[in-house]
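Accompanying notes for the structure given below.
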Amino acid sequence: MLGLRGKSLLALLFACALALIPAALLAWQGINAVREYFGVAYARNHTLLNEQKLLAPVMRELALAQRMAGSTLTLEWLRDPGDAAKRSRFFQEAQGYQRDFSDHSYFVIDGTPSYYFNAAGSPVVETARYTLRPDQAKDAWFFSTMQDTSPYDIQIDLNHDLGVTKLWFNVQVRDGDRKLGMIGTGLDLRTFLKGFLEGVEPGVTPVIFDREGNIQVHPDRERIAYKSMPPAEAARRSVLGLLDNDSERSAFKQAMADAFSSPGSAVSLFAAQNGARSAIAVTYLPKLRWYVMTAVDLNVARVVNSQWLTPALVSLLAVLALLLLGFGYAVERLVLAPLRRLQHTAQAMSVGRYDVRLPAYGQDEIGELSRAFGVMAEKVRSHTEELESRVRERTQALEEANRRMAATHKTIDDSIDYASLIQRAILPDRQLVQSLGPHHFVLWKPRDVVGGDFYVFRADGENCLLGVVDCAGHGVAGALMTMLARAAIDHAIAEAGPGDPAAILARTDAAMRAMLRDAELPRALATNMDVGLAYVDRGAGQLRFAGAKMALYASSAAEIEEYKGGRRALGEKRIGQYANITVPLAGRTFYFVTDGLLDQSGGEHGFSFGNRRLVELLRSVSGLALDAQARAVAQALVDYQGRQPQRDDITVLSFKFE
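Numbers given in our numbering equal positions in the sequence shown, counted from 1, plus 2.
Here it is in C-alpha cells:
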C-alpha cells in the first residue's frame with residue numbers, strides 16, 4: 003500500500019506524464035514525418051541507382067544478341083536451315099559471340115523450329131538439342147514471343163530441357179518483315195541477382211517486373227513469375243499481390259501508368275505490405291520494357307539515424323529523477339517527519355500509555371491535527387476507563403447466562419437420548435434375528451437422534467407379519483407419533499389378527515382417528531403415516547401384502563417387481579381403501595423402503611434419489627447375500643448424498659424365505 007511519500011511522488015509523476023505525453027506524441031509524429039520523407043527519398047534514389055545498375059549489363063548483352071541476330075551468316079543459314087555448309091559457317095562465327103557474352107553461352111532457333119544451344123566449357127554442338135512444339139506448355143514462350151511485334155523480349159525463365167534458370171535475351175531474326183527464327187543468350191540468375199541485390203539493407207526490397215506486373219526479379223525466388231509457367235500460376239506472382247488491399251493496388255496501377263508516361267523518373271507512393279507501411283518508388287525502362295521498384299519498410303529500414311534519441315531520453319530521465327528526489331525530500335521534511343512523530347504518540351496511546359508527550363504544535367495543518375489529537379486522546383482515556391468497567395459487568399452476566407444455557411442444553415440432550423433408548427426398545431430387532439437370522443437386514447437412519455420411522459414384526463406360529471411405518475415428521479415430534487402408531491397397530495392386530503394386512507391397515511386408521519379426534523391440533527401439524535405390511539404364509543408358499551402409500555419391491559433373477567399399495571396414507575382427510583395382494587415366496591427377496599430414501603437429494607445436480615435409481619440399485623445387488631446387500635445399499639446412499647444434508651428419516655427392511 004502506498005504511503006504519503008509514494009502518493010506524492012505518484013502525483014508528481016502523473017503531472018509530468020500529463021505534460022510529457024502530448025510532447026512525446028508531437029515529437030513522435032515529427033519523427034515519423036521525417037522518417038517518411040527520408041524513406042521516400044531513399045526509395046527514389048535506390049530505384050534510380052538500380053536502374054543504372056541494371057541497364058549497363060543488360061543493354062550490353064542485348065546489343066550483342068541483336069548484332070548476332072543481324073549477322074549476314076545468321077541470315078543466310080536461317081533462310082535455308084537445311085544447308086549444312088551455311089550452318090557450319092554460322093557456328094564458326096558464333097564462337098566469337100560466345101566469347102563476348104557474359105555467360106559464354108548462346109542459343110538459336112531456326113524455322114523448323116529446332117533449338118540449338120552451346121555453353122562455355124563444352125565442345126561446339128551443331129546439332130539441335132530438341133524441336134519446339136506449340137502443344138507443349140514449356141515451349142509456349144517461343145511462340146508467344148515470335149508473335150510479338152517487338153523485336154526482342156527479356157524474361158527470367160526455367161529451361162526444362164537444359165535444366166537451367168536464367169535471365170534470357172530473346173531476339174527475333176528478321177529478314178525484312180519475315181521472321182526467320184530467334185537468337186539469344188542468358189545471364190546466370192544467381193550472378194544477375196547478386197549484382198542487383200547486393201548491398202541491400204534490411205527493410206529494403208528491390209523488385210523488377212514487366213508491363214503486365216509479372217515479377218522478374220525479387221529477393222524471394224518463390225515470387226518470380228517464370229515465362230514457362232501456366233498463366234494462372236504466373237498471375238499469382240504479380241507485383242500487385244505484394245500489396246494488402248484493392249485501394250492500394252489501384253494507386254499502384256496509377257503509379258505504373260505515371261512512370262510509363264515519364265521514363266527515367268521515379269514515381270513514389272505509400273502502401274502497406276504484410277501489414278507494414280512502406281515507401282515505394284517505381285520507374286520504367288522502355289528499352290527493357292521493365293519496371294524497377296524499391297519498397298522501403300519504414301518500421302525496419304534505417305532511413306533516419308536514431309542515435310541522438312538515446313542521449314535525449316537519458317537526459318530527460320535524469321531531469322525527472324532529480325525532480326522526484328527534490329520533491330521527495332521536501333515531502334519528508336515538511337510533512338512526513340511531523341506525521342511520524344504524531345504516529346508514534348498514537349501508537350503509545352493505543353497500548354494504554356496516556357502520559358506520552360505530543361509533538362509541538364505548529365501553525366499549519368499538522369499543528370491543528372496535533373491539537374485535535376490531544377483533545378481526542380483525553381476523551382479516549384475517559385471513555386476507556388468507563389468502557390472497561392461496563393465490559394467487566396457484562397462479562398460476568400454473559401458467563402452466568404452461558405452456565406445456565408449449558409445446563410439446559412445438557413438436560414435436553416439427556417431427554418433426547420432417553421427418548422432414543424425408549425424408541426429403540428420398541429423395535430423388534432431381537433425377534434427378527436431369532437426368526438429370520440441372516441435372511442433379513444434393516445437399514446434404520448433417523449434424521450435426528452430419534453425419528454418417525456419404525457418397523458414391526460409379529461410371529462404367528464410358522465408364519466409372521468412384517469412391516470414398516472413412516473409417521474409424519476421427524477425428530478422428537480416424529481418419535482412421539484411412533485408411540486401412538488405402535489399402540490394403534492398393536493390394537494388393530496389384536497382385533498383383525500396378523501393374517502390380514504389390509505384389515506390391519508383399516509383398523510389402525512380407525513384407531514388413530516379415534517385417538518386424535520378430541521385433540522385440538524394445529525392445522526399445520528401432520529398426523530398421517532405411510533405403512534407397508536406383509537404376512538408370510540410359509541405353508542401356502544405365498545405372501546399377502548397391503549400398503550398405505552408404500553410399495554413392496556420384490557427381486558428374482560435380477561428382475562425387480564414393484565407392488566404398489568393404496569394411494570392414501572393412514573390419517574388423511576379422506577379414508578383410503580386397502581386390499582391384499584398375494585405374491586409367491588419362492589426365490590424372491592422383498593424390500594420395504596420409506597420415502598426418506600427416495601426423496602434424499604444428492605448427485606451432481608442435487609436431484610432426489612428417486613424410484614428409478616432405487617430399482618437400478620436393487621437390481622445391481624439382488625445377487626448378493628443380504629448382509630452384503632445391506633452394506634452396498636448403505637454405501638450407495640452415502641455416495642449419492644455426498645455433502646447434502648439428510649432430509650428425512652430413512653428405513654429399509656429386506657427379507658426372504660427359502
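Idealized CB from N, CA, C, for every residue including glycine.
This structure is a prediction, so every number in the text was calculated from the model and none was measured.
Between the CA atoms of R396 and N404 - distance to the nearest angstrom: 12 Å
State the beta-bridge partners of Q174 as determined by DSSP. M184
Ignore the nearest five residues each way along the sequence and tell me which others in R590's own chain have a CB closer than 6 Å to its CB. A556, S558
Under 9 Å, do G625 and A560 count as touching if we go by C-beta distance? yes
Quick one: which unbroken beta strand (DSSP E) runs of 3-plus residues sit fully inside the region 230-287? Chain order, please. 269-275, 278-287
Residue interval of the alpha helix (DSSP H) (run including H493): 477-498
Where L319 and G328 are concerned, what is the direct C-alpha to C-alpha distance, given to the nearest angstrom? 14 Å
Buried or exposed: Y537, going by 16 or more other Cβ atoms within 10 Å of its Cβ? buried
Less than 8 Å between C-beta atoms, sequence neighbours within five positions excluded: which residues of the same chain meet that for I282? A45, F254, A257, S270, L271, F272, A273, M295, T296, A297, V298
Outcome for Y676 when other beta-carbon atoms lying within 10 angstroms are tallied against a minimum of 16: The question about residue 676 has no answer here: the residues shown for the chain are numbered 3 through 660.
T285 beta carbon less than 9 Å from that of S263: no
Member of L322, R223, D177, G41 whose CA lies at the smallest distance from the CA of L22: L322
Q646 to L341, Cα distance in whole Å? 55 Å
Measure the beta-carbon distance from E95 to S73 and round it to whole angstroms, keeping in mind my assumption that it falls under 8 Å. 6 Å
Using three-state DSSP, classify F93 as helix, strand or coil. helix
CB contact flag (L554, Y593, <9 Å): yes
Helix, strand or coil for M552, going by three-state DSSP, please let me know. coil
Option in N216, T347, D177 with minimal Cα separation from M378: T347
Whose C-alpha, out of A588, E606, R614, L587, is nearest the C-alpha of L600? R614
Euclidean distance between Cα positions of L189 and S124: 17 Å
Please check the pair L75 and F92, which I expect to be a contact at CB under 8 Å, by giving their CB distance rounded to whole angstroms. 5 Å
L445 and V654: beta carbons closer than 9 Å? yes
In three-state terms, what does DSSP make of G568? strand
Can you name, in chain order, every residue of its own chain whose Cβ lies under 6 Å from the Cβ of G644, other than the five neighbours on each side? G604
At least 3 beta-carbon pairs within less than 8 Å: the region 635-642 vs the region 493-513: no
Tell me the residue span of the beta strand (DSSP E) that contains N120. 116-120
Environment of V127 [buried if 16+ CB atoms lie within 10 Å]: exposed
Give a yes or no on contact between the region 411-426 and the region 384-398, applying the rule of three or more CB pairs nearer than 8 Å. no
Which residues bound the beta strand (DSSP E) around N613? Counting along the chain, N613 falls outside any beta strand (DSSP E), though it belongs to the alpha helix (DSSP H) covering 612-623.
Give a yes or no on contact between the region 569-587 and the region 531-550, applying the rule of three or more CB pairs nearer than 8 Å. yes
What is the DSSP secondary structure of K289, counted as helix, strand or coil? coil
Measuring CA to CA, which of T410, S352, M407 is closest to V382? S352
Indicate the three-state DSSP secondary structure (helix, strand or coil) for E563 in the structure shown. strand
Integer-rounded CB distance, given that K412 should sit under 8 Å from D1: Nothing in the structure corresponds to residue 1, since the chain is present only between 3 and 660.
Specify the secondary structure class of S603 as computed by DSSP and reduced to three states. strand
For H385, does the count of other Cβ atoms within 10 angstroms reach 16, so buried, or fall short, so exposed? exposed
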